[in-house]
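Data first, discussion second: the structure below is written as structure tokens.
Protein chains: 2
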Amino acid sequence: MAEPLTRTQLAHWRTFIESSWALHTRLEDELRAATGLSMNDYHVLVALAEAPEHRIRMGELASRLVLSPSRVTYQISSMIKRGLVRKESCSDDGRGQEAVLTPEGLTALRDAAPAHLETVRRSFIDHLDDEELAVIGRVFAKIRKV
Amino acid sequence: MAEPLTRTQLAHWRTFIESSWALHTRLEDELRAATGLSMNDYHVLVALAEAPEHRIRMGELASRLVLSPSRVTYQISSMIKRGLVRKESCSDDGRGQEAVLTPEGLTALRDAAPAHLETVRRSFIDHLDDEELAVIGRVFAKIRKV
Numbered sequence: 001m002a003e004p005l006t007r008t009q010l011a012h013w014r015t016f017i018e019s020s021w022a023l024h025t026r027l028e029d030e031l032r033a034a035t036g037l038s039m040n041d042y043h044v045l046v047a048l049a050e051a052p053e054h055r056i057r058m059g060e061l062a063s064r065l066v067l068s069p070s071r072v073t074y075q076i077s078s079m080i081k082r083g084l085v086r087k088e089s090c091s092d093d094g095r096g097q098e099a100v101l102t103p104e105g106l107t108a109l110r111d112a113a114p115a116h117l118e119t120v121r122r123s124f125i126d127h128l129d130d131e132e133l134a135v136i137g138r139v140f141a142k143i144r145k146v
Numbered sequence: 001m002a003e004p005l006t007r008t009q010l011a012h013w014r015t016f017i018e019s020s021w022a023l024h025t026r027l028e029d030e031l032r033a034a035t036g037l038s039m040n041d042y043h044v045l046v047a048l049a050e051a052p053e054h055r056i057r058m059g060e061l062a063s064r065l066v067l068s069p070s071r072v073t074y075q076i077s078s079m080i081k082r083g084l085v086r087k088e089s090c091s092d093d094g095r096g097q098e099a100v101l102t103p104e105g106l107t108a109l110r111d112a113a114p115a116h117l118e119t120v121r122r123s124f125i126d127h128l129d130d131e132e133l134a135v136i137g138r139v140f141a142k143i144r145k146v
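Residue numbers (UniProt numbering), protein chains in the order written: chain A, 1 to 146; chain B, 1 to 146.
Structure follows, in structure tokens:
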């Protein structure tokens with residue numbers, strides 16, 4: 001096992017993990033109260049809305065959202081039940097499956113986005129300068145590949 | 001409603017929210033698999049272990065962990081059932097209630113900490129330089145007060 005974390009590392013880590021957890025909780029609570037969508041629902045809808053033909057292979061969706069394959073399967077099943085997404089065989093080779101955005105899913109995203117992004121601004125973006133936001137973007141791009 | 005987020009703000013935000021959510025999920029999964037504790041359990045145990053006489057008022061615990069009063073009540077009830085914490089009337093004035101760490105709670109924390117902090121190092125700390133970690137600490141200290 002490597003050497004223990006320093007006091008400074010531990011202090012910054014704790015601030016980050018407690019504060020970011022609270023941020024996730026607040027965003028999730030506000031989004032659910034306003035729209036019935038979870039944050040995972042929202043991120044799947046955004047990913048599909050931006051994809052060519054509004055469809056993404058299940059495996060690629062898992063890696064885009066940094067979710068395990070079993071979590072993505074559970075997530076998409078839940079969204080299918082609510083009519084936000086459907087599953088189809090891959091259009092190019094017929095092997096594997098793709099998640100496809102439904103018109104209802106696109107409407108749900110368009111209805112949810114303005115208020116959600118206003119919460120994001122108020123809870124996070126407005127409190128950071130450009131440099132801080134760039135550092136956050138760079139750090140979390142590294143972390144997601146770990 | 002304020003002006004929309006810029007393309008750059010939105011890109012950094014998405015990287016952060018997806019990657020930090022994945023980090024939370026991984027830490028929670030590994031901690032639960034190794035110890036049966038959730039991240040909220042762990043953070044309550046840490047807060048109590050560091051408090052004078054291992055006790056904190058419920059309201060103060062909520063604000064320390066940036067949780068709503070109802071979430072803290074639920075969290076502590078769950079930990080009482082598992083013998084990690086008990087609730088007592090406040091020692092100084094008899095009004096209000098305090099969460100108190102049990103010997104079993106302290107043992108659970110001591111058993112869990114080394115492997116959990118090794119996961120924290122491997123998943124996060126090792127990928128940041130000192131300056132990046134300091135920015136993260138500063139930014140999330142601001143955010144938690146929002």
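All residues carry an ideal CB built from backbone N, CA and C; glycine is no exception.
Separation of A108 of chain B and L31 of chain B (C-alpha to C-alpha, rounded to the nearest whole angstrom) is 12 Å. Taking a cut-off of 8 Å on C-beta distances, the region 70–82 of chain B does not touch the region 12–32 of chain B, as fewer than three cross pairs fall below it.
Secondary structure at K142 of chain B: helix, using DSSP grouped into helix, strand and coil.
The beta-carbon of Q9 of chain B is placed less than 8 Å from the nearest beta-carbon of chain A. No Cβ-Cβ contact shorter than 8 Å links G83 of chain A with E98 of chain A. Taking a C-beta distance under 8 Å as the contact criterion, I125 of chain B and L23 of chain A do not qualify as a contact pair.
Think of a sphere of 7 Å around the beta carbon of I56 of chain A: no beta carbon from chain B falls inside it, the nearest being about 14 Å out.
In terms of Cβ geometry, E18 of chain A and V120 of chain B do not form a close pair [threshold 8 Å]. Around L106 of chain A, the same chain offers A49 as residues with beta carbons nearer than 7 Å, after the five sequence neighbours per side are excluded. At a Cβ-Cβ threshold of 8 Å, T35 of chain B and D111 of chain B count as neighbours.
Residue burial annotation: R144 of chain B is buried, with at least 16 other C-beta atoms found within 10 angstroms of its C-beta. At a cut-off of 8 Å, the C-beta of M79 of chain B has no neighbouring C-beta in chain A. A residue is called buried once 16 or more other Cβ atoms fall within 10 Å of its Cβ, and Y74 of chain A, having fewer, is exposed. With 16 or more other Cβ atoms inside 10 Å of its own Cβ, A47 of chain B counts as buried. Residues are counted here when their Cβ sits less than 9 Å from a Cβ of chain A; for the region 99–127 of chain B these are P114, A115, L117, E118, V120, R121, R122, S123, F124, I125, D126, H127, given in chain order.
Going by DSSP, A11 of chain B is part of the alpha helix (DSSP H) stretching over 7–35. For L84 of chain B, the secondary structure class from DSSP, reduced to helix, strand or coil, is coil. Considering only B:S78, B:S123, B:D129, B:D130, the residue with the shortest C-alpha distance to W21 of chain B is B:S123.
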